[in-house]
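Enquirer:
Residue numbers (the numbering used here): 125 to 258.
#1: By alpha-carbon positions, which one of 174, 240, 209 and 198 ends up nearest to residue 290?
#2: How big is the Cα-Cα spacing for residue 136 and residue 144?
#3: Can you round the beta-carbon distance between residue 167 and residue 176 to whole angstroms, since I take them to be within the 8 angstroms contact cut?
#4: Tell me which residue opens and which closes the alpha helix (DSSP H) that residue 177 is part of.
#5: Using 10 angstroms around the beta-carbon of residue 161, count the other beta-carbons present and answer buried if the total reaches 16, otherwise exposed.
#6: If you scan the region 127-195 from start to end, which runs of the beta strand (DSSP E) of 3 or more residues do you find wholly inside it?
#7: Quick check on this structure: which residue in 242, 213, 220 and 250 has the alpha carbon closest to the alpha carbon of residue 193?
#8: Output yes or no for whether 9 angstroms exceeds the beta carbon distance between residue 218 and residue 198.
#9: Mind pulling the beta strand (DSSP E) runs of 3 or more residues that sit fully within the region 213-244?
#10: Taking just the CA atoms, how far does residue 187 sit from residue 233?
#11: Since residue 146 and residue 248 are thought to touch, with beta carbons under 8 angstroms apart, how far apart are those beta carbons, to the nearest angstrom?
#12: Could you check whether residue 190 and residue 156 sit closer than 9 angstroms to each other, using their CB atoms as the reference points?
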């Protein structure tokens, strides 16, 4: 996958302040405040920074965590997983493989066949209903 490399100024122009905080500064939106947490529509979730396809709505479920949760990305190569020792705990950060934007974290407590919960920030995602997917 070709990387998207922009300057800080270009990212700030392209993203809202909340998107910038989450995608470029590895911020986290407050639980239960994101626009996609309760979204049940059929479609595809894209990276809010670069538009890369990330998650299919078929893999989304209500984890009760307050963030949109998925059992798997559409393609494992669409995301990068990085060890995260911040916040006094050991976690695995999930980033977009194309723009390296922070999406959220993956935890080993999901219901899917792999037992994973990809816990994402709504601010890092864009959603398109299935009929509008290219």
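By construction, the Cβ of each residue, glycine as well, lies at the ideal position given by its N, Cα and C atoms.
Expert: Based on what the coordinates show:
#1: Residue 290 cannot be examined here, being either before or after the span of the chain that is shown, 125 to 258.
#2: 6 angstroms
#3: Not a contact, Cβ separation roughly 15 angstroms.
#4: Per DSSP, residue 177 belongs to no alpha helix (DSSP H); it is in the beta strand (DSSP E), 177-180.
#5: buried
#6: 167-171 and 177-180
#7: 242
#8: no
#9: 215-220, 226-231 and 241-244
#10: 10 angstroms
#11: 5 angstroms
#12: yes
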